[in-house]
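A.B. asks:
2 protein chains.
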Amino acid sequence: MISTEPSDAPIPGKAPALTNSALQTETSLRGALSETQRNHILAAVDMAFESQVSFLSDLIRCASLREHEAEVQQLVEATLLDRGYDVQRQMLDQALIGKHPAFSPATIGYENSWNVIALHNPAIIQGRSLILNAHVDIVPTGDPKRWQYPPFEPWRDGEWLYGRGSGDMKAGLSAVIFALDAIRAAGLELTAPVQIHSVVEEEITGNGAAMALASGKVADAVLIPEPTDEKLVRANSGVIKFAITINGTPAHPREVSGGVSALDAAIRLIKRLRHLETRWNEERTTKPFFDDVDNPAALTIGTINGGEWIASVPSCCRFEGRIGFYPGDNPQERVKEFEAFVATAAAGDPLLQRCPLPTVDWVGVLHAGYTLAPGSEAEAVLSEAHAGANAPDGTPLQAYVMACYLDAAVYSVHAGIPSLVYGPIAENIHAIDERVSLPSLRRVTKAIALFAASWCGVRRVETTHQISAAGVDT
Amino acid sequence: MISTEPSDAPIPGKAPALTNSALQTETSLRGALSETQRNHILAAVDMAFESQVSFLSDLIRCASLREHEAEVQQLVEATLLDRGYDVQRQMLDQALIGKHPAFSPATIGYENSWNVIALHNPAIIQGRSLILNAHVDIVPTGDPKRWQYPPFEPWRDGEWLYGRGSGDMKAGLSAVIFALDAIRAAGLELTAPVQIHSVVEEEITGNGAAMALASGKVADAVLIPEPTDEKLVRANSGVIKFAITINGTPAHPREVSGGVSALDAAIRLIKRLRHLETRWNEERTTKPFFDDVDNPAALTIGTINGGEWIASVPSCCRFEGRIGFYPGDNPQERVKEFEAFVATAAAGDPLLQRCPLPTVDWVGVLHAGYTLAPGSEAEAVLSEAHAGANAPDGTPLQAYVMACYLDAAVYSVHAGIPSLVYGPIAENIHAIDERVSLPSLRRVTKAIALFAASWCGVRRVETTHQISAAGVDT
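So the sequences go chain by chain: A and B.
The first sequence begins at 1 in full-length UniProt numbering and counts up one residue at a time.
The second sequence begins at 1 in full-length UniProt numbering and counts up one residue at a time.
1) With DSSP as the reference, label residue 454 of chain A as helix, strand or coil.
2) For my contact list, residue 430 of chain A and residue 181 of chain A are in at a C-beta cut-off of 8 Å; report their separation, rounded to the angstrom.
3) For residue 122 of chain B, count the other beta carbons within 10 Å of its own beta carbon; 16 or more makes it buried, fewer makes it exposed. Which is it?
4) Does any residue of chain A have a CB that is nearer than 9 Å to the CB of residue 322 of chain B?
5) In three-state terms, what does DSSP make of residue 367 of chain B?
6) Determine the direct distance from the alpha carbon of residue 58 of chain B to that of residue 33 of chain B, and round the result to whole angstroms.
7) Can you give the Cα-Cα distance for residue 83 of chain B and residue 120 of chain B, rounded to whole angstroms?
8) Tell me the DSSP secondary structure of residue 204 of chain B in three-state form.
9) For residue 331 of chain A, count the other beta carbons within 10 Å of its own beta carbon; 16 or more makes it buried, fewer makes it exposed. Which is it?
10) Does the beta carbon of residue 312 of chain B sit closer than 9 Å to a beta carbon anywhere in chain A?
11) If you count every other CB in all the chains shown that lies within 10 Å of the CB of residue 350 of chain A, and 16 or more means buried, which is it?
12) Cα-Cα, which of A/446, A/207, A/296 is closest to residue 235 of chain A?
13) So, residue 406 of chain B versus residue 175 of chain B, is the Cβ gap smaller than 9 Å?
14) Counting only beta-carbon separations shorter than 9 Å, does residue 309 of chain A have a partner in chain B?
15) Assuming residue 115 of chain A is part of the beta strand (DSSP E), what are its boundary residues?
16) Using a beta-carbon distance below 9 Å, is residue 246 of chain A in contact with chain B?
17) Looking only at its own chain, which residues have a Cβ that is under 8 Å from the Cβ of residue 311 of chain A, when we skip the five neighbours before and after it?
18) List the DSSP bridge partners of residue 239 of chain B.
19) With a threshold of 9 Å between beta-carbons, can residue 405 of chain B be considered close to chain A, or not?
20) Under the three-state reduction of DSSP, which class applies to residue 149 of chain A: helix, strand or coil?
21) Against residue 254 of chain B, what residues of chain A qualify as contacts under a CB-to-CB distance less than 8 Å, listed in chain order?
22) Who are the neighbours of residue 140 of chain B on chain A, taking C-beta pairs under 7 Å?
23) Does the distance from the CB of residue 191 of chain B to the CB of residue 457 of chain B come in under 9 Å?
24) Determine the extent of the alpha helix (DSSP H) in which residue 39 of chain B is found, giving its start and end residues.
25) According to DSSP, is residue 461 of chain A part of a helix, a strand, or is it coil?
26) For the alpha helix (DSSP H) containing residue 79 of chain B, list its first residue and its last residue.
27) The segment 404 to 432 of chain B: which residues have C-beta closer than 7 Å to a C-beta of chain A, in chain order?
28) Using the rule of at least 16 other Cβ atoms within 10 Å of the residue's Cβ for burial, across every protein chain shown, is residue 104 of chain A buried or exposed?
29) State yes or no: is the beta carbon of residue 35 of chain B nearer than 9 Å to at least one beta carbon in chain C?
30) Measure the C-alpha to C-alpha separation of residue 245 of chain B and residue 383 of chain B and round it to an integer number of angstroms.
31) If you draw a straight line from the alpha carbon of residue 381 of chain A to that of residue 315 of chain A, how long is it in whole angstroms?
32) Using the beta-carbon count (16 or more within 10 Å), is residue 29 of chain A buried or exposed?
33) Can you give me, in chain order, the residues of the segment 140 to 155 of chain A that have a beta carbon less than 9 Å from any beta carbon in chain B?
34) Count the CB pairs spanning the segment 122 to 142 of chain A and the segment 214 to 231 of chain A that are closer than 8 Å, and state whether there are at least three.
35) Given residue 291 of chain A, which residues of its chain have a CB within under 8 Å of its CB, disregarding the five upstream and five downstream residues?
36) Report the residue ranges of all beta strand (DSSP E) runs contained in full by the segment 332 to 378 of chain B; include only those spanning at least 3 residues, in chain order.
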């Protein structure tokens, strides 16, 4: 049902004109930038860069943890409205979730978690359309006292900007917005529709991107500036996220032998699950691009909660985690394999035998991985943009495999859209002292600007030399 | 500093007259009950037993979890005032805690957790004084859906009364109150001061009993009807309760090798702590009464909480537990031994080496165990009372070792008071479907009544045949 191959079937909501390959070729030629245009765009990124860092700092100040994304989305919304985009606040449609294959199981209501979708639809359409996607949700900080700087008070230290979400991926969101600004500031207008998808839920379900796609928002390419150290993602993992609950038999410490510790049972099961990780990792030898990836399955137990009293044998233990697999694998088949493994492991362990069968709930991403087939035109255009942004010293664009879920999988797997994940150098994402490299962010912003201009094509317009997309003269 | 031997030193607050052994002997003879007195007391327990079960049910309905003991204490207070006792609401004095050796580390404020102390001080004092102690705090229920009956809706099924706290130890509290009622209903008054200590915090720190003792509430014996299957506790464990916190290095699943899972590190440490449990268990061969106890150290990991995001390597993991040792052991020495073991274990484990040294906090009982030396007069009187309550079919009173903390340790260790722990048959304490045997509760109530009457001595008074200690005619 789910395939990682680009689909030949018509994509619902995709404008037929934009998939016309004859037009694409024509636009490609037309989209080639002049030396002057390129230099103007690069200069415009430089000129606005301090404003971009200031905006990025504002994004970081919004502690957009799960279910708390409204503040940052309001900022994004206002920023995009100010620039003249056609902006839509897109609620996640609970009725759609579970019916469309792009969605993963939702474990919360989405009243407070919504996407911002912005569109610039030029009067003259000649080029290839583009989605620039970034997620605004972040993961928790861990103990803030372990941070060198408070995680929601962005702090610039030399070439680095610190803060939770700085790298993953508010820097990327700033790059998207300021790259398009730079094109306008260079006196140019894109000649194809460009959308900005500022989405939620990437860190847990991917349902923000799924909602954008399920609502018919498609394009000829997607670019997502996740922190990739200025490399391009060639392939990523499919991922499933589970919660396992084990019920033990509680007891008083004076008679522990009459109880069965749910925690001890959980530890046994975690140990056995490592065998499944090993087994899934060993499959990499037969999987394109993954054979030299260190730990593609990467079983991560992210949380554990067990027991409720210091002096009782724990009655219950629950742990959550994720495990990965390979592009082309059907996630539903991996779910079945995982559940069967848990059942077999429990049946084969003397302690787990004394507990009811552990329950497995699916509480987050349940999605296939994707591959960006080498040789695409989108990749070629990005390579050139990367080179242009890094001239004269840059290295050619490198591609690599990322063993985690990426929203690019939604657009790639379910709509066959070439999906480019390419973003700045960042360190300590999901960790303490997350930081993004500002010189890298500047280069990536330039590369995105050059990519968008080349991919969509440009035409000269009157410019007020303001960093604004508002008031375009058609 | 702390000794399990009865102290020869004067006990602060202890009335000198009550420790006069000549008087004790005289009173002992005088305290012997006549056949008629005994039969009247037993009949009075029978007559009020349905009222007792009703009162016990009311106690169970009060969900007296930690920091929520006020409701049940108000019920106890009203019940004791109604019977004419001199009743005191005793706050736990934060200024005392930490200074008096009876206290263990407090991890909460005690604004909502207070003792009820009731005193009956007869005009004619001839016998030996007595403290009847019971704790009102209970442990959490686990998932209420796993209970056959809702845990705070007491349910009688044949000979059993179900409910959280039914056995541990609200049945015992009802036995204390109704045993004294029965003596009054039999037309008798005790001829020595008797106190009821309805205390909090037994399940975590023992600070309720410690407060009672530190405030000078002492007597010639203490009886605590914990659920002991109608046996007498010969000795119990010293117990220390710890919380261990491990900080790892959080990371994104795409680069797990760069992180150190605090959960994985915690699992390693728990595994190593089992060696400490084994080592401490092996010491039992040299310890009086403990050589045939199955698992006297009983390392129990009661709770665990780690990580904060399903798809991050956990930055932190904290687990709480308890471990036991032997009467006569200084708990502070055991604390040092435990901390040294943790440090050594962490230094010797490749994963724990990559974390900061785990921190050990002491978050509950930190107390020595006690021994009830065989041959005491208190035990002899209880044996006779037990036989009287179980006639004609009963078995002689048996003694056994209980490998857990008991509030009796406070009175025994710090005041040298003979401490009798003897109570009803209960099942599933600290577990699902806790229940107490009602026939057993009836027998124990009888035994406590006979014990109190014999120990304190009795004299005939006018009786209204009401279950009340009020309006005693002196």
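Backbone N, C-alpha and C fix where the C-beta goes; we use that ideal spot for every residue, glycine too.
C.D. replies: Once the coordinates are examined:
1) Here residue 454 of chain A refers to the residue found at position 454 of the first sequence. Three-state result, residue 454 of chain A: helix.
2) Along the first sequence, read from residue 1 onward, the residue named residue 430 of chain A stands at position 430. Along the first sequence, read from residue 1 onward, the residue named residue 181 of chain A stands at position 181. That belief does not hold up - the Cβ atoms of residue 430 of chain A and residue 181 of chain A are roughly 29 Å apart, past 8 Å.
3) Your numbering for residue 122 of chain B matches position 122 in the second sequence. That one is buried.
4) Reading the second sequence from its first residue, position 322 is the one you call residue 322 of chain B. Judged by the 9 Å Cβ criterion, residue 322 of chain B is in contact with chain A.
5) As a first step, residue 367 of chain B must be located in the second sequence, where it is residue number 367. Of the three classes helix, strand and coil, the one that applies to residue 367 of chain B here is strand, per DSSP.
6) Here the question's residue 33 of chain B lines up with position 33 in the second sequence. Here the question's residue 58 of chain B lines up with position 58 in the second sequence. Between residue 33 of chain B and residue 58 of chain B, the C-alpha separation is close to 33 Å.
7) Here residue 83 of chain B corresponds to residue number 83 of the second sequence, with the count starting at 1. Here residue 120 of chain B corresponds to residue number 120 of the second sequence, with the count starting at 1. Cα-Cα distance, rounded: 10 Å.
8) For the purposes of this step, residue 204 of chain B is taken as residue 204 along the second sequence, with counting starting at 1. Residue 204 of chain B: coil per DSSP, three-state reduction.
9) Counting from 1 along the first sequence, the entry for residue 331 of chain A is found at position 331. Answer is buried; the Cβ neighbour count reaches 16.
10) On the second sequence, residue 312 of chain B is found 312 positions in, with the first residue counted as 1. At least one chain A Cβ lies under 9 Å of residue 312 of chain B.
11) Mapped onto the first sequence, residue 350 of chain A falls at position 350. So residue 350 of chain A ends up on the exposed side.
12) If you number the first sequence from 1, residue 235 of chain A lands on position 235. Of the listed residues, the one whose Cα sits closest to residue 235 of chain A is A/296.
13) As a first step, residue 406 of chain B is located in the second sequence; it is residue number 406 there, counting from the start. As a first step, residue 175 of chain B is located in the second sequence; it is residue number 175 there, counting from the start. Against a cut-off of 9 Å, the Cβ pair of residue 175 of chain B and residue 406 of chain B comes out as no contact.
14) Your numbering for residue 309 of chain A matches position 309 in the first sequence. Chain B contact via Cβ: present.
15) For the purposes of this step, residue 115 of chain A is taken as residue 115 along the first sequence, with counting starting at 1. If you look at residue 115 of chain A, you'll find it in the beta strand (DSSP E) that goes 114 to 120.
16) Taking the first sequence and counting its residues from 1, the one referred to as residue 246 of chain A is at position 246. No - not a single Cβ of chain B is within 9 Å of the one on residue 246 of chain A.
17) Within the first sequence, residue 311 of chain A is the residue found at index 311, counting from 1. Within the same chain, residue 311 of chain A has close Cβ partners 252, 253.
18) Reading the second sequence from its first residue, position 239 is the one you call residue 239 of chain B. B/324, B/367.
19) In the second sequence, the residue the question calls residue 405 of chain B occupies position 405. The C-beta of residue 405 of chain B comes closer than 9 Å to at least one C-beta of chain A.
20) In the first sequence, counting from the first residue as 1, residue 149 of chain A sits at position 149. Looking at residue 149 of chain A - three-state DSSP - the assignment turns out to be coil, as it is neither helix nor strand.
21) In the second sequence, counting from the first residue as 1, residue 254 of chain B sits at position 254. Those are 298, 402, 403, 404, listed as they occur along chain A.
22) In the second sequence, the residue the question calls residue 140 of chain B occupies position 140. Going along chain A in sequence order, the residues near residue 140 of chain B (Cβ under 7 Å) are 308, 309.
23) As a working note, residue 191 of chain B is residue 191 in the second sequence. As a working note, residue 457 of chain B is residue 457 in the second sequence. Yes; because the gap between Cβ atoms is below 9 Å, this pair is in contact.
24) As a position in the second sequence, residue 39 of chain B is number 39, starting the count at 1. Note, residue 39 of chain B: alpha helix (DSSP H), 35 to 61.
25) Residue 461 of chain A sits at position 461 when you count from the first residue of the first sequence. In the three-state scheme derived from DSSP, where H, G and I count as helix and E and B as strand, residue 461 of chain A is classed as coil.
26) What you label residue 79 of chain B is simply residue 79 of the second sequence in a count that begins at 1. First-last of the alpha helix (DSSP H) with residue 79 of chain B: 70 to 82.
27) Answer in chain order: 404, 429, 430, 431, 432.
28) Position 104 of the first sequence, counting from 1, holds the residue named residue 104 of chain A. Buried, because 16 or more other Cβ atoms sit within 10 Å of the Cβ of residue 104 of chain A.
29) In the displayed structure, chain C is absent; the protein chains listed are A and B.
30) Position 245 of the second sequence, counting from 1, holds the residue named residue 245 of chain B. Position 383 of the second sequence, counting from 1, holds the residue named residue 383 of chain B. If you take the alpha carbons of residue 245 of chain B and residue 383 of chain B, they lie about 47 Å apart.
31) Numbered from 1 along the first sequence, position 381 holds the residue referred to as residue 381 of chain A. Numbered from 1 along the first sequence, position 315 holds the residue referred to as residue 315 of chain A. Residue 381 of chain A and residue 315 of chain A: Cα-Cα distance of roughly 58 Å.
32) Along the first sequence, one-based indexing puts residue 29 of chain A at 29. Interpretation of residue 29 of chain A is limited by its pLDDT of 37, a score under 50 that renders its predicted location unreliable; the figure taken from the coordinates is listed afterwards. So residue 29 of chain A ends up on the exposed side.
33) Against chain B - using a Cβ distance shorter than 9 Å - the residues of the segment 140 to 155 of chain A are 140, 141, 142, 143, 146.
34) yes
35) Translated into the one-based positions of the first sequence, residue 291 of chain A becomes position 291. The residues are 284, 285.
36) If only uninterrupted beta strand (DSSP E) runs of at least 3 residues are considered, those enclosed by the segment 332 to 378 of chain B are 359 to 367.
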